[in-house]
Amino acid sequence: MGDDTAPKRHFIQQIIDADIASGKWGPPGERSVVATRFPPEPNGYLHIGHAKSICLNSGLASEFGGRFFLRFDDTNPAKEEQEYVDSIVRDVAWLGARWEGRSDADPLAGVRFASDYFGQMYDWAVELIEKGLAYVDAQSADDIKAQRGTVTKPGTPSPFRDRPIAESLDEFDRMRRGEYADASRVLRAKIDMASPNMHLRDPVMYRVVNTPHHRTGSDWHIYPMYDWAHGLEDSIEGITHSICTLEFEEHRPLYDWFIDAINKDRGPGSKWGEPIHHPQQIEFARFVIDSTVMSKRHMKRLAEEALDGWDDPRLWTISGLRRRGFTPESVRHCVLDGGVTKFNAVVPMSRLENALRDDLNKRAPRRMGVLDPIKVTITNWGDHGDEARLEDLEAVNNPEDDAAGTRTVRFGKTIWIEREDFMEDPPKKFFRLGPGREVRLRAAFWVTCHDYVKNDAGEVVELLCTYDPETRGGGNPPPDPEGNVRKVKGTIHWVGDADAVSAEVRLFDRIFGVEKPGKATGDPMDDLNPDSLTIMKDAKLERALAEPTPDEPSWPDGIRRFQFERLGYFCEDAEASRAAGKLVFNRAVTLRDSWAKQSSKG
Ligand code: ATP
Ligand code: MG
Numbered sequence: 002m003g004d005d006t007a008p009k010r011h012f013i014q015q016i017i018d019a020d021i022a023s024g025k026w027g028p029p030g031e032r033s034v035v036a037t038r039f040p041p042e043p044n045g046y047l048h049i050g051h052a053k054s055i056c057l058n059s060g061l062a063s064e065f066g067g068r069f070f071l072r073f074d075d076t077n078p079a080k081e082e083q084e085y086v087d088s089i090v091r092d093v094a095w096l097g098a099r100w101e102g103r104s105d106a107d108p109l110a111g112v113r114f115a116s117d118y119f120g121q122m123y124d125w126a127v128e129l130i131e132k133g134l135a136y137v138d139a140q141s142a143d144d145i146k147a148q149r150g151t152v153t154k155p156g157t158p159s160p161f162r163d164r165p166i167a168e169s170l171d172e173f174d175r176m177r178r179g180e181y182a183d184a185s186r187v188l189r190a191k192i193d194m195a196s197p198n199m200h201l202r203d204p205v206m207y208r209v210v211n212t213p214h215h216r217t218g219s220d221w222h223i224y225p226m227y228d229w230a231h232g233l234e235d236s237i238e239g240i241t242h243s244i245c246t247l248e249f250e251e252h253r254p255l256y257d258w259f260i261d262a263i264n265k266d267r268g269p270g271s272k273w274g275e276p277i278h279h280p281q282q283i284e285f286a287r288f289v290i291d292s293t294v295m296s297k298r299h300m301k302r303l304a305e306e307a308l309d310g311w312d313d314p315r316l317w318t319i320s321g322l323r324r325r326g327f328t329p330e331s332v333r334h335c336v337l338d339g340g341v342t343k344f345n346a347v348v349p350m351s352r353l354e355n356a357l358r359d360d361l362n363k364r365a366p367r368r369m370g371v372l373d374p375i376k377v378t379i380t381n382w383g384d385h386g387d388e389a390r391l392e393d394l395e396a397v398n399n400p401e402d403d404a405a406g407t408r409t410v411r412f413g414k415t416i417w418i419e420r421e422d423f424m425e426d427p428p429k430k431f432f433r434l435g436p437g438r439e440v441r442l443r444a445a446f447w448v449t450c451h452d453y454v455k456n457d458a459g460e461v462v463e464l465l466c467t468y469d470p471e472t473r474g475g476g477n478p479p480p481d482p483e484g485n486v487r488k489v490k491g492t493i494h495w496v497g498d499a500d501a502v503s504a505e506v507r508l509f510d511r512i513f514g515v516e517k518p519g520k521a522t523g524d525p526m527d528d529l530n531p532d533s534l535t536i537m538k539d540a541k542l543e544r545a546l547a548e549p550t551p552d553e554p555s556w557p558d559g560i561r562r563f564q565f566e567r568l569g570y571f572c573e574d575a576e577a578s579r580a581a582g583k584l585v586f587n588r589a590v591t592l593r594d595s596w597a598k599q600s601s602k603g
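Plus 1 on top of the position in the sequence shown (first one is 1) and you've got my numbering.
Below, the structure written as structure tokens:
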């Protein structure tokens with residue numbers, strides 16, 4: 002008590018603390034006193050905002066020793082597809098959420114579907130009709146809408162509102178059996194056409210849809226509306242804290258009304274049975290990233306029209322972030338780091354990228370890769386031994402982690418460096434190669450450029466350098482006879498030709514070039530950044546990137562991640578490699594924030 006050093010608990014944790022203290026959901030210690038869920042609709046891929054909901058809900062369940070459910074809200078047969086179900090299950094698992102019944106043997110083990118509850122929901126709807134709390138309306142959707150009224154003007158009651166209960170029961174049964182055309186009948190709750198809360202003006206509970214459903218086929222010809230179904234799904238699963246985003250705040254009175262209507266006249270000895278569980282809904286602010294669009298409609302267009310599918314590494318879908326090289330830990334850290342509040346705030350993309358840098362800086366082994374190679378010939382290689390010899394040098398795997406050890410990189414007469422690490426006429430502060438300039442090759446030797454070769458087009462195609470055998474390993478050479486110490490300012494990366502592996506490396510930039518896509522024309526697609534993808538087709542990578550060394554760390558998701566010296570963090574894109582028939586790497590993030598002002602590169 003009164004411990005100021007304890008980290009502040011966010012408002013949902015505080016609600017749960019209080020509920021446990023008061024015994025609201027039963028005796029403390031029972032698993033059932035905290036039950037949460039993630040309820041996606043299978044109509045698209047999950048994005049970084051969903052990751053917040055997943056990490057929050059599953060995190061609370063594990064923090065309090067409770068239960069977490071993964072449940073598909075598959076109440077709309079027209080929009081839902083198995084592909085989405087599969088991708089969502091994979092993403093939730095990848096984030097590390099442990100739902101009830103999860104098993105590594107069967108991806109769908111334990112996964113719930115709202116469609117499993119259609120029978121139960123139907124029975125409850127019949128009960129509401131029998132209690133005089135719901136009726137079948139045969140008006141058109143337009144008429145119903147016209148009668149809703151406005152915030153200042155009460156709605157007009159439907160002519161069907163007071164029809165006999167028996168008539169509604171019969172109509173509802175016919176709706177279910179497929180006797181009616183789509184949208185020709187609805188079941189409505191009989192609440193209050195004058196309520197200041199528009200959601201309570203006799204909302205629709207069921208509509209006729211004759212489209213087959215991806216799981217229940219043609220069993221049903223009516224489908225529950227989200228507002229009717231959602232709270233009931235929570236009730237069936239015994240959800241205690243039903244956590245959702247702020248826009249559902251004004252639906253909460255309706256969810257409460259539905260449960261209360263079912264519980265009306267229930268209790269000991271009642272023909273309806275015992276009252277059903279009444280979850281508590283808690284709303285929090287969405288997680289939104291700047292310079293993005295996060296609605297499913299726009300993301301679907303991006304995925305299908307502008308990009309390489311929903312898992313395009315430029316996209317902020319969970320599958321896109323995974324393919325880009327993000328770790329589940331960095332995503333989880335980023336979405337929970339800012340806390341949980343009721344205030345909408347836009348998070349800069351750099352927060353996500355920094356979370357990844359922090360994680361990979363500690364864990365990713367260092368390697369060398371040259372994305373835009375230019376050949377370097379060491380002209381004095383033969384002066385110090387056999388011209389064809391290769392020298393194995395030790396390179397440190399991770400300066401942040403001594404246990405990561407070293408690996409060998411192979412040096413010889415021909416090596417490759419980055420084209421941009423040479424200038425014919427460099428300014429003074431260019432601490433890389435130029436005529437007469439000396440530079441350190443990481444973990445290898447100091448080399449001096451004394452000449453270069455151009456092709457007919459006038460492009461530099463080869464550098465001629467000498468090396469200093471005294472600098473083996475990269476350390477300083479001994480002082481000259483007068484005691485002068487030679488120094489170099491720059492260290493650059495390289496790959497020896499003897500063990501260079503050819504690869505394709507993909508570099509990414511923001512999909513949108515502006516902070517608020519679509520602001521000018523109304524269509525975000527007008528703000529696409531045409532340079533969001535750069536493909537380096539002829540990169541040269543050190544051998545250890547193609548053939549894993551025995552000490553390479555293993556990643557639980559099987560994705561190999563590295564820091565390429567000076568260039569950023571990269572991951573192997575196994576699927577793209579298979580498709581391209583050669584090694585493909587993706588850059589997850591540069592070493593520093595590329596949108597922050599570029600400081601001079603060393
Ligand atoms: P839509 O309902 O328009 O299809 P949606 O993004 O709400 O899109 P759902 O599948 O309904 O998708 O979302 C599943 C859960 O994820 C919901 O509980 C929702 O509140 C939560 N969620 C969605 N977007 C965000 C976000 N940006 N931040 C936090 N939680 C989110
Ligand atoms: Mg939704």
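Every residue gets a Cβ at the ideal spot worked out from N, C-alpha and C, and that includes glycine.
In the three-state reduction of the DSSP assignment, Val489 falls in the coil class. Around the beta carbon of Ile379, 16 or more other beta carbons lie within 10 angstroms, which makes this residue buried.
Taken from the Cβ of Val341, every heavy atom of ligand 1 lies 7 Å or farther away. Under the criterion of beta carbons closer than 8 Å, Arg588 and Ser292 do not qualify as touching, at roughly 18 Å. Here DSSP, grouped into helix, strand and coil, assigns Met350 to helix. Rounded to whole angstroms, Ile560 and Asp203 show a C-alpha spacing of 52 Å.
The criterion of a C-beta distance shorter than 8 Å is not satisfied by Trp495 and Asp469. The shortest C-alpha to C-alpha distance from Val34 to any of Ala147, Met300, Glu238 and Tyr85 is the one to Glu238.
Here DSSP, grouped into helix, strand and coil, assigns Tyr256 to helix. A straight line joining the alpha-carbon of Gly339 with that of Ser331 spans about 13 Å. In the same chain as Ala110, and ignoring 5 residues on each side of it, the C-beta atoms closer than 7 Å to its own belong to Gly102, Arg103 and Ser104, in chain order. The beta carbon of Glu275 sits closer than 8 Å to those of Arg267, Gly268 and Pro269, all from its chain and outside the five residues before and after it, given in chain order.
For Ala22, the enclosing alpha helix (DSSP H) has its first and last residue at Phe12 to Ser23. Spanning the alpha carbons of Trp26 and Ala19 requires a straight line of approximately 11 Å. Exclusion of the five residues before and after His334 leaves Ala356 as the residues of its chain whose Cβ lies within less than 6 Å of its Cβ.
Partner residues in the beta bridge of Pro374, as assigned by DSSP, are Glu419. One Cα belongs to Leu201, the other to Leu57, and the distance between them is close to 30 Å. Excluding five sequence positions before and after Gly406, the CB atoms of its chain that fall closer than 6 Å to its own CB belong to Asn398 and Asp552, given in chain order. The nearest non-hydrogen atom of ligand 1 is less than 7 Å from the C-beta of Arg287. For Ile277 and Asp74, the gap between their C-alpha atoms comes out near 20 Å. Cβ contact annotation for Arg208 (same chain, cutoff 6 Å, sequence separation greater than five): Val187, in chain order. Val336: member of the alpha helix (DSSP H) spanning Pro329 to Asp338, first to last residue. Per DSSP, Asp144 lies in no beta strand (DSSP E); the unbroken alpha helix (DSSP H) holding it starts and ends at Ala142 to Ala147. DSSP places Trp95 inside the alpha helix (DSSP H), whose first and last residues are Gln83 to Trp95. A straight line joining the alpha-carbon of Asp171 with that of Asp107 spans about 42 Å.
Here Leu464 is buried: its Cβ has 16 or more other Cβ atoms, across all protein chains shown, within 10 Å.
If one requires a minimum length of 3 residues, the beta strand (DSSP E) runs lying completely within the segment 529-574 are 534-542, 562-565 and 569-573, in chain order.
Annotation for Leu188: the continuous beta strand (DSSP E) segment containing it runs Val187 to Ala190. Taking C-beta separations shorter than 7 Å and ignoring five residues to either side along the sequence, the partners of Arg352 in its chain run Cys335, following chain order. Rounded to the nearest angstrom, the Cβ distance from Glu505 to Ala581 is 6 Å, consistent with a contact under 8 Å. A direct Cα-Cα distance of roughly 21 Å separates Val462 from Glu543.
Residue pairing by DSSP puts Thr407 in a beta bridge opposite Val397. Measuring C-alpha to C-alpha distances from Pro155 to each of Asp163, Arg175 and Ser196 identifies Ser196 as the nearest. Taking a cut-off of 8 Å for Cβ pairs, the segment 225-239 and the segment 284-301 do not touch, as fewer than three such pairs fall below it. With the rule of 3 Cβ pairs closer than 8 Å, the segment 356-368 counts as touching the segment 314-332. Beta-bridge partners assigned by DSSP to Tyr453: Leu464.
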